[in-house]
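Heads up: take any position in the sequence shown, counting from 1, add 23, and you land on our numbering. Scroll down for the structure; my scribbles are underneath it.
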Amino acid sequence: RGSKLSVWGRYVDDTFKLVPDNANTDNLLKELNELYSSVKFTMESEEKPKK
């Protein structure tokens, strides 16, 4: 819907998505979970390394 994904990968029961740094990831997760009631998405965010 309103979220912009630059990459969407899938393997068996895992998905991999790249989104812009300024993306509203909470909103994206909500949108994904509203698509199908039988599918539950969770999210892990990458942590940027400290310099």
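Built from N, CA and C at the ideal position, the CB exists for glycine as well.
Taking residue i as the reference, give the member of the options with the closest Cα.
| i | options | result |
| --- | --- | --- |
| D37 | N50, E70 and F64 | F64 |
| D44 | E69, K73 and K74 | E69 |
Assign residue i to one of two classes, buried (16 or more other C-beta atoms within 10 Å of its C-beta) or exposed (fewer than that).
| i | result |
| --- | --- |
| L58 | exposed |
| L51 | buried |
Going by the DSSP bridge assignment, what does residue i pair with across the sheet?
| i | result |
| --- | --- |
| L58 | DSSP, once it has assigned bridges, lists no residue as partnering L58. |
Measure the C-alpha to C-alpha separation of residue i and residue j and round it to an integer number of angstroms.
| i | j | result |
| --- | --- | --- |
| K40 | Y34 | 12 Å |
| N56 | K71 | 26 Å |
| V75 | S61 | This structure cannot speak to residue 75, because the chain is shown only from 24 to 74. |
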